[in-house]
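Enquirer:
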Amino acid sequence: MPSLDGLVSAAGLVGSRLRTRTPSAFRWRRATLGALGLLLLAVVWELYKALGPEDGVVVGGLTVLPRTTDLAMPHVWDVLARLGQPVNSTQDTLVWQAVLGAAVFSLGVAGVGWLVGVVVGLALALLMQRFRTAESAVLPWVILSQTVPLIAIAPLVRRWGSQIEIGAFQWENWMSVAVIASYLAFFPVAVGALRGLGSPDAIHTDLFRSYAVGWWTTLWRLRLPASVPYLLPALRLAAANAVIGAVVAEVSIGLRGGIGRMIIEYAQSGSGDPAKTWAPILGAVLLGLLAAGVVALLGLLLGRFRRGEVSA
Amino acid sequence: MTEVPTTGPVPIGVPAVEVRGVDKTFSSKNGTVTALEGIDLAVAPGEFVSLIGPSGCGKSTLLRLIADLEAPSTGSVTVFGKTARQARIDQEYGIAFQQAGLLPWRTVRANIELPLELHGASRAERTARATELLELVGLSDFGGSYPDQLSGGMQQRVAIARALAERPRLLLMDEPFGALDEMTRERMQTELVRICGETGAAVVFVTHSIPEAVFLSNRVVVMSPRPGRIREVLAVDLGRAADRRDDLREDEHFFANVSAVRELLHGDQGARPAVRGVENR
Ligand SMILES: Nc1ncnc2c1ncn2[C@@H]1O[C@H](COP(=O)(O)OP(=O)(O)O)[C@@H](O)[C@H]1O
Ligand SMILES: [Mg+2]
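Here the protein sequences come in this chain order: A and B.
Residue numbers for the first sequence follow the working numbering, beginning at 1 and rising by one.
Residue numbers for the second sequence follow the working numbering, beginning at 1 and rising by one.
(1) Which class does S122 (chain B) belong to by DSSP, given the choice of helix, strand or coil?
(2) Can you look up M1 (chain A) in the DSSP assignment and give me helix, strand or coil?
(3) Could you check if F58 (chain B) belongs to the surroundings of ligand 1, using beta carbon to heavy atom distance under 7 angstroms?
(4) Starting from E186 (chain B) and walking both ways along the beta strand (DSSP E), at which residues does that stretch end?
(5) Specify the secondary structure class of I164 (chain A) as computed by DSSP and reduced to three states.
(6) What separation, rounded to the nearest whole angstrom, lies between the Cα atoms of T22 (chain B) and G228 (chain B)?
(7) Taking Cβ positions only, does Y48 (chain A) come closer than 8 angstroms to chain B?
(8) According to the Cβ coordinates, are I151 (chain A) and S252 (chain A) closer than 8 angstroms?
(9) Is E232 (chain B) helix, strand or coil when you go by DSSP?
(10) Tell me where the beta strand (DSSP E) around A202 (chain B) begins and ends.
(11) If you measure from the CB of S55 (chain B), is any heavy atom of ligand 1 nearer than 7 angstroms?
(12) Determine the burial state of K276 (chain A): buried for a count of at least 16 other Cβ atoms within 10 Å of its Cβ, exposed for fewer.
(13) Less than 8 angstroms between the beta carbons of L65 (chain B) and Y211 (chain A), yes or no?
(14) Who are the neighbours of H75 (chain A) on chain B, taking C-beta pairs under 9 angstroms?
(15) If you measure beta-carbon to beta-carbon, which residues of the region 225-239 of chain A are closer than 9 angstroms to chain B?
(16) Could you pull out every residue in the same chain whose Cβ sits closer than 7 angstroms to the Cβ of S199 (chain A), ignoring the five residues on either side in sequence?
(17) Starting from G152 (chain B), trace the beta strand (DSSP E) in both directions and tell me its first and last residue.
(18) Which runs of the beta strand (DSSP E) spanning at least 3 residues fall entirely within the region 57-85 of chain A, listed in chain order?
(19) Using Cβ-Cβ distances below 7 angstroms, what residues of the region 280-305 of chain A are close to chain B?
(20) What are the start and end residues of each continuous alpha helix (DSSP H) run of 4 or more residues lying completely inside the region 75-146 of chain B, in chain order?
(21) Measuring straight from C-alpha to C-alpha, what distance separates Q97 (chain A) and V142 (chain A)?
(22) Within the continuous beta strand (DSSP E) that includes F26 (chain B), where are the two ends?
(23) Give the single residue among A:V243, A:K49, A:W278 whose Cα lies nearest to the Cα of V79 (chain A).
(24) Just checking my contact of P45 (chain B) with R169 (chain B) at CB under 8 angstroms: how many whole Å lie between their CB atoms?
(25) Could you list the residues in the region 78-90 of chain B with a C-beta less than 7 angstroms from some C-beta on chain D, going in chain order?
(26) Just the C-alpha distance for Q170 (chain A) and F305 (chain A), rounded to the nearest angstrom, thanks.
(27) Just verifying my parser: in three-state terms, what is the DSSP assignment at A246 (chain A)?
(28) Taking the alpha carbon of L69 (chain B) as the reference point, which residue from B:I95, B:I39, B:G75 has its own alpha carbon closest?
(29) On a CA-only basis, which of B:R162, B:G58, B:I52 is nearest V33 (chain B)? Give me that one, please.
(30) Got a sec: is the Cβ-Cβ distance from L219 (chain A) to anything in chain B below 8 angstroms?
(31) CA-CA distance, Y93 (chain B) and R167 (chain B)?
(32) Using a 10 Å radius around the Cβ and a threshold of 16 neighbouring Cβ atoms, would you call I210 (chain B) buried or exposed?
(33) Can you tell me which of the three DSSP states S199 (chain A) falls into?
(34) Return the first residue and the last residue of the alpha helix (DSSP H) that A212 (chain A) is part of.
(35) Exposed or buried, V316 (chain A), counting other C-beta atoms within 10 Å across all chains shown (16 or more means buried)?
(36) Considering only heavy atoms of ligand 1, does any lie closer than 7 angstroms to the CB of T287 (chain B)?
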């Protein structure tokens, strides 16, 4: 069985504990750098488009850099301009409105998936922390679960869901998408929370034992607060996973209304309208940023649990 | 040298701590370690007893047995006439370790209130007690600070205040000043003497430092390693612990006691070579 430490670093959950709190000046600088990064990307795009060969860079029959035609790489300003125009000749809805609507829809589904994933991940971590045997019984399955490709589980989830019928409750396609999003989201939470719940020093667990309080009180007053520095990066990763899971699952399940389907639809109509193809992709980026933003907000609220204790 | 205390409080009635015929072995993959063997010790209410000895001689283990953080392999440990377990459940002792072990997400005040909060004290009660304790350890201005904003000595004082929060009749301390510099350490010792005088609690105090043990204690328990045994118990004849002041450190009686403990520590090898892990300052 792989070690928990290995898993944690594999899941990208390391080092958060040592990170100091960011003063607001530093945060602003980071935001500015982020904006500059976006600008730089646009500049690189346009430079390549201007200077790169028309047919792209081909090495041994393999295209390693894309064509620079307007069809493959529309101008950044064309894409932005397209956002402000109607979706098509028969509709008044502007592209940015349609994209935003789809992004909000996908964010909602991903959000439900994220919540379910967080709850399941936390529950698994608690189970494994409470019972040592559960850790050896459950952890391998948790890891194995992530090796099953999304494409394989999507139809399964859909089929199982369609068989669920409890009274007036009807399984709907968006629920299948949320389930798949949660399937990707629970993993980093389970691993990060398990590590975090086990993070209190022996001195702290001894102290709580000397107070003769039970497991639940120790959990609430010690283990959960101590796990926040581990949980936050896990929640961020879970949010990214949930967004990717939702967008991909929308396509595999065939759910309408979200960014995933929109990317496919616009791409199909795209040959005559290349700028439009890129609009929902911008929407997907926005989706990721929004999801990361929500978790960052959570991190701000939990700021005091991120103080590292300075050793005596 | 005496094995039975001749001065200092003689146990009357129920002792604060009574350890009888205790052995403690740890078993691990690479065999068993006998940490303690044949330990007998009684601590009277209000008495200050230090455990001293080279590292690995089982001082912490003995303290943890009294705290019911470990169970003895044989023998019995009672605290105020109860089993160690019952005493822990009844919160008969407060405990402090070498590291302050404050919760970094709680303010100094909230750290001191922690045991009170966990045991259901009212908010008003907690606030009053924390204010009192902050004053006792000289940190009234730092109640709203977080542990990472405090020096090591200040953190340790918070930990002591936290240990005193529920007015325990017994204080267990495992090298609480071990990580502090010499000057801070002496100041903390003086403060501890004063605090113990004010609270009247019995103390079992683990230390590496001979002068520290002598300055603080009514009796010094000298231990020897492998297996951990009590070699000797020395009564310190420096008057009531609560009356001790800083100038005592210059007193020739003090030096006489320090030499006595040092000789006991070095035991069979004669007085010359320093025992590893024990400070002779
Ligand atoms: N939990 C444990 N498991 C195994 N061995 C232990 C454990 N705790 C202490 N020991 C062993 O018991 C002996 C005494 O340790 P300790 O009480 O910490 O010594 P001291 O505090 O005097 O330095 C040491 O040999 C140590 O290795
Ligand atoms: Mg020790």
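Idealized CB from N, CA, C, for every residue including glycine.
Here the structure is a predicted model, which is why all the values come from computation and not from measurement.
Expert: Working from what's here:
(1) Correct three-state label for S122 (chain B): coil.
(2) For M1 (chain A), the predicted structure reports a pLDDT of 46, less than 50, and the residue's modelled location is therefore unreliable. A value from the coordinates is still provided. Correct three-state label for M1 (chain A): coil.
(3) It should be noted that the sequence gives Gly, not Phe, for residue 58 (chain B). Yes, Cβ of G58 (chain B) sits closer than 7 angstroms to a heavy atom of ligand 1.
(4) Careful: E186 (chain B) lies outside any beta strand (DSSP E), inside the alpha helix (DSSP H) at 182-199.
(5) Note: I164 (chain A) maps to coil in three-state DSSP.
(6) Checking the sequence, you will find Val at residue 22 (chain B) rather than Thr. Each residue's Cα considered, the two are about 11 angstroms apart.
(7) Chain B, which has no Cβ nearer than 8 angstroms to the Cβ of Y48 (chain A), makes this no.
(8) Cβ atoms of I151 (chain A) and S252 (chain A): closer than 8 angstroms.
(9) Three-state result, E232 (chain B): strand.
(10) First-last of the beta strand (DSSP E) with A202 (chain B): 202-207.
(11) Yes, ligand 1 has a heavy atom inside 7 angstroms of this Cβ.
(12) K276 (chain A) counts as buried, since at least 16 other C-beta atoms from the protein chains shown sit within 10 angstroms of its C-beta.
(13) Cβ distance not < 8 angstroms, so L65 (chain B) and Y211 (chain A) don't count as in contact.
(14) Here the premise fails: no neighbours, minimum Cβ distance about 51 angstroms.
(15) Taking a C-beta cut-off of 9 angstroms against chain B, the contacting residues of the region 225-239 of chain A are P225, A226, V228, listed in chain order.
(16) The answer, listed in chain order, is A226, S227, Y230.
(17) Here G152 (chain B) belongs to no beta strand (DSSP E); instead the alpha helix (DSSP H) covers 152-164.
(18) Runs of the beta strand (DSSP E) inside the region 57-85 of chain A: 57-59, 62-65.
(19) Taking 7 angstroms as the Cβ-Cβ cut-off, the region 280-305 of chain A approaches chain B at R304, F305, given in chain order.
(20) For the region 75-146 of chain B, the continuous alpha helix (DSSP H) assignments of 4+ residues that do not extend past its boundaries occur at 84-89, 108-118, 123-136, in sequence order.
(21) Q97 (chain A) and V142 (chain A) have their C-alpha atoms some 39 angstroms from each other.
(22) Annotation: the continuous beta strand (DSSP E) that includes F26 (chain B) extends over 17-28.
(23) V79 (chain A) has its Cα closest to that of A:W278, out of A:V243, A:K49, A:W278.
(24) Between R169 (chain B) and P45 (chain B) the Cβ distance is about 6 angstroms, and since that is below 8 angstroms, they are a contact.
(25) Checking the listed chains, one finds no chain D in this structure; the protein chains it contains are A and B.
(26) Each residue's alpha carbon lies about 41 angstroms from the other.
(27) Looking at A246 (chain A) - three-state DSSP - the assignment turns out to be helix.
(28) When each option's Cα is compared against that of L69 (chain B), the closest is B:I95.
(29) The option with the nearest alpha carbon to V33 (chain B) is B:G58.
(30) The beta-carbon of L219 (chain A) is placed no less than 8 angstroms from the nearest beta-carbon of chain B.
(31) The alpha-carbon atoms of Y93 (chain B) and R167 (chain B) are separated by roughly 8 angstroms.
(32) Buried, since its Cβ has 16 or more Cβ neighbours within 10 Å.
(33) Of the three classes helix, strand and coil, the one that applies to S199 (chain A) here is coil, per DSSP.
(34) Element bounds for A212 (chain A): n/a, residue is neither H nor E.
(35) Because residue 316 (chain A) is not part of the residues shown, which for chain A are 1 to 312, the question remains open.
(36) No statement about residue 287 (chain B) is possible, as the shown extent of chain B runs from 1 to 281 and does not include it.
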